[in-house]
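Visitor: I'd like to ask some things about the structure below.
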Amino acid sequence: MVVTLRLPSLTSLFSPSISVRYPALLRPHRQLRPLPSSARFSAQSTASETGNRADSQKSRVQDRAVTPRSKNFNAWYLDVIESAELADYGPVRGTMVIRPYGYAIWEAIQDYLNAKFKETGHSNMYFPQFIPYSFIEKEASHVEGFSPELAVVTIGGGKELEEKLVVRPTSETIVNHMFTQWIHSYRDLPLMINQWANVTRWEMRTKPFVRTLEFLWQEGHTAHATPEEAEKEAIQMIEVYIKFAYEQTAIPVIAGRKSKVETFAGADRTYTIEAMMGDRKALQAGTSHNLGQNFSRAFSTQFTDENGQREHVWQTSWAISTRFVGGIIMTHGDDTGLMLPPRIAPVQVVIVPIWKSDTDRQGVISAASSVKEVLQIEGIRVKLDDTEQKTPGWKFNFWEMKGVPLRIEIGPRDVSSHSVVISRRDVPGKQGKVFGISMEPEILAAYVKDKLDEVQSSLLERATSFRDSNIVDVTSYDELKVAISEGKWARGPWSASDADELKVKEETGATIRCFPFDQPQGGVQTCLMTGSPAEEVAIFAKSY
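According to full-length UniProt numbering, the sequence shown holds residues 1 to 544 in order.
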């Protein structure tokens, strides 16, 4: 379906304050956004209505091009990705082109994690994208787990290859092949590396950022002399991910251990961070695997220990991918569009200058440029939107939809009073707008930094409240089924079999997301499925 997406009538985009201060700016200005190719993300469009921005929030929701989240979550998600210029479809089914704004979010993720990886003793390197098929076959559970998703190359240079090549689905096999050549003695351990790379998995049902044929990620791989060291590493890296999720993306993930059924193919244990999206589905946002000696035995990755004995290394692998970008969108976005936590936002502050005449223009642009410089000196990521082709109202709508945390408005009266107006993206309408903030560098910079911190905290608090209000404690399978049918997460005691777990998935569509690290106190409970003793609670939910 070809869908026309357009920004609303710009007369409806002005706040009451602008209408009063600059009435001449309310001239109708309808400019349609040019349509991209016929293959669009969005499957829906919404009508645009005319009206004053002082009208109710309901009017604003009806007036936008993005499908309201409350109306159709999936259509909203796809609309936001397109309208906020995060990504577009690639020419091959299931692929996407990550646009500059979307890639900038991924770069912010990279910047933070890259620093943490190096702080914890890891070095970056790169492995080939093509892997001999025989490598995949060496670890039985690994090939079984990945076979349906493999992309295989059989022809190269116009000739059939002697051995098929797999386009990297993950790198445990090729990493072990190289580790075998580099590790000889206990002195070579631990060996801890990371790579930033692309991955190909032939998904049948795709969703931009969340599940695509090709995606970007980091994958860490480590080798250790003892199982204790490997376990410590696996836990350390999931803790890095937990801190990143909470502190940088304001996503209150639940961390824990995967069930045997959900454990990574080839791992002894998988640790995960699970995030609740706005539609209450779970998103596996990052994983850390204790691989034990499974791959080292398959590839004979051995070392000579301090006693002169040959031993297989103990290994881990861990990863976060561009699906985290999808998680940020689905956790924080609202009917208006994207809402970005300041610490991960490519643009933290947008400055919109407002003028009525050429005489006003020079003073306003000069003041706006000075404000931009003040904030940049303080390390704040700021954008001055001084384009003349669009009205201020169009810009307000556009940057709100792109999720910029703060907007600064500067008009002739603000220049005269040496002050600015600041609006928060997370608090719509008058409640989020503050007038008369001084342009004095120290005062303005301190105020903006404080507000950015407030937005960051507010988004985390809001997401945590939403998560907690949608987790139900259950004590029986019937209660679990009711909770899942209502779209909630179910948390209850579990010690049942793998077969019972698969039965839950078949009958409810929910899986065990994890056995949380944070377990209730009080000792042994009764399994909700079998009535047998259960030492842990598990969380069940439908997921992406």
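C-beta: ideal position from N, C-alpha, C; glycine also.
Can you have a look at Tyr22 and say buried or exposed, based on whether 16 or more other CB atoms are within 10 angstroms of its CB?
Guide: Because Tyr22 sits at a pLDDT of 39, beneath the cut-off of 50, its placement in the model cannot be relied upon, and the following sentence gives the value as read from the coordinates. Buried.
Visitor: How should Tyr77 be labelled, buried or exposed, when 16 other C-beta atoms within 10 angstroms of its C-beta is the threshold for buried?
Guide: Flag for Tyr77 reads buried.
Visitor: Since I believe Glu85 is in contact with Arg69 (beta carbons under 8 Å), could you give me their beta-carbon distance rounded to a whole number of angstroms?
Guide: Between Glu85 and Arg69 the Cβ distance is about 18 Å, and since that is not below 8 Å, they are no contact.
Visitor: Where does Ala319 land, buried or exposed, given buried means 16+ other C-beta within 10 angstroms?
Guide: By the neighbour-count rule (16 or more Cβ atoms within 10 Å), Ala319 is buried.
Visitor: Please report the distance separating the alpha-carbon of Thr336 from that of Ala75.
Guide: Roughly 13 Å between the two C-alpha positions.
Visitor: Starting from Leu444, follow the beta strand (DSSP E) in both directions and report where the run begins and ends.
Guide: Segment 441-469 is the alpha helix (DSSP H) holding Leu444; no beta strand (DSSP E) there.
Visitor: Which of the three DSSP states, helix, strand or coil, is assigned to His177?
Guide: Residue state, collapsed to three classes: helix.
Visitor: Once DSSP output is grouped into helix, strand and coil, what is the label at Met276?
Guide: In the structure shown, Met276 sits in a strand (DSSP, three-state: E or B).
Visitor: Leaving out the 5 sequence neighbours to the left and right, which residues in its chain are closer than 8 Å to Ile410 when beta-carbon positions are compared?
Guide: Contacts found: Ile351, Val352, Pro353, Ile354, Val364, Ala367, Ala368, Val371, Val420, Val421.
Visitor: Just the C-alpha distance for Val175 and Lys430, rounded to the nearest angstrom, thanks.
Guide: Each residue's alpha carbon lies about 56 Å from the other.
Visitor: With distances taken between CB atoms, is the gap from Lys481 to Gly509 smaller than 7 Å?
Guide: In this structure, Gly509 does not lie closer than 7 Å to Lys481 by Cβ.
Visitor: Return the chain-ordered list of same chain residues with a C-beta closer than 6 Å to the C-beta of Ala538, the five sequence neighbours on each side being excluded.
Guide: Taken in chain order, the residues that qualify are Trp494, Ile512, Phe515.
Visitor: Please determine, among Pro91, Val92, Phe215, Phe299, the residue with the shortest C-alpha to C-alpha distance to Thr180.
Guide: Looking at the Cα atoms, Phe299 is the closest of the given residues.
Visitor: Based on Cα-Cα distance, which residue from Ala225, Thr200, Ile254, Leu444 lies nearest to Ala463?
Guide: Answer by Cα proximity: Ile254.
Visitor: Please report the residue range of the alpha helix (DSSP H) in which Trp202 lies.
Guide: Unbroken run through Trp202: none, as it is neither H nor E.
Visitor: On the three-state DSSP scale, how would you describe Pro34?
Guide: Unreliable placement is indicated for Pro34, whose pLDDT of 34 sits below 50; no coordinate value is reported for it.
Visitor: What does DSSP give as the partner residues of Pro493 in its beta bridges?
Guide: In DSSP, Pro493 forms a bridge with Val537.
Visitor: Checking the sheet assignment: what are the DSSP bridge partners for Lys159?
Guide: DSSP output for Lys159 lists Gly156 as bridge partner(s).
Visitor: Taking only runs that begin and end inside the region 349-413, name each unbroken alpha helix (DSSP H) of 4 or more residues, in chain order.
Guide: Fully enclosed alpha helix (DSSP H) runs of 4 or longer: 358-377, 392-401.
Visitor: Go through its chain and collect everything with a Cβ distance to Ile183's Cβ below 8 Å, but skip five positions before and after it.
Guide: Same-chain partners within the cutoff: Leu189, Leu191, Ala223, Thr301, Gln302, Phe303, Val313.
Visitor: Where are the beta strand (DSSP E) runs, 3 residues long or more, that stay fully inside the region 301-348, in chain order?
Guide: Those beta strand (DSSP E) runs which fall completely within the region 301-348 and span 3+ residues are 302-304, 310-312, 314-321.
Visitor: Verify whether the separation of the beta carbon atoms of His221 and Ile242 is less than 7 Å.
Guide: No, these two residues do not count as a Cβ contact at 7 Å.
Visitor: Take Arg361 as the anchor and find which of Asp478, Thr67, Ile273, Pro392 has the nearest alpha-carbon.
Guide: Looking at the Cα atoms, Pro392 is the closest of the given residues.
Visitor: With Asp88 as the anchor, note down where its alpha helix (DSSP H) starts and where it stops.
Guide: Here Asp88 belongs to no alpha helix (DSSP H); instead the beta strand (DSSP E) covers 87-89.
Visitor: Quick check: what's the CA-CA separation for Asp414 versus Gln376?
Guide: Computed Cα separation, rounded: 20 Å.
Visitor: Determine the direct distance from the alpha carbon of Pro346 to that of Ala104, and round the result to whole angstroms.
Guide: So the alpha carbons of these two residues sit roughly 6 Å apart.
Visitor: Identify which residue in Glu461, Asp268, His122, Glu137 has its Cα closest to the Cα of Thr173.
Guide: When only C-alpha atoms are compared, the closest one is Glu137.
Visitor: I'd like the list of long-range same chain contacts for Arg211, defined as Cβ closer than 8 Å, with 5 residues on each side in sequence excluded.
Guide: Around Arg211: Glu203, Arg205, Arg323, Tyr544.
Visitor: Starting from Met192, follow its DSSP beta bridges and name the residues at the other end.
Guide: Its beta-bridge partners are Thr222.
Visitor: May I ask which residues mark the beginning and end of the alpha helix (DSSP H) holding Ile183?
Guide: Per DSSP, Ile183 belongs to no alpha helix (DSSP H) and is neither H nor E.
Visitor: My output table needs one value for Leu10: the three-state DSSP class, helix, strand or coil.
Guide: Confidence at Leu10 is low in this model, with a pLDDT of 28, below 50, so the placement of that residue is unreliable and no value is reported for it.
Visitor: Given a cut-off of 7 Å, decide if Met339 and Gly403 are closer than it, judged by their beta-carbon atoms.
Guide: Against a cut-off of 7 Å, the Cβ pair of Met339 and Gly403 comes out as a contact.
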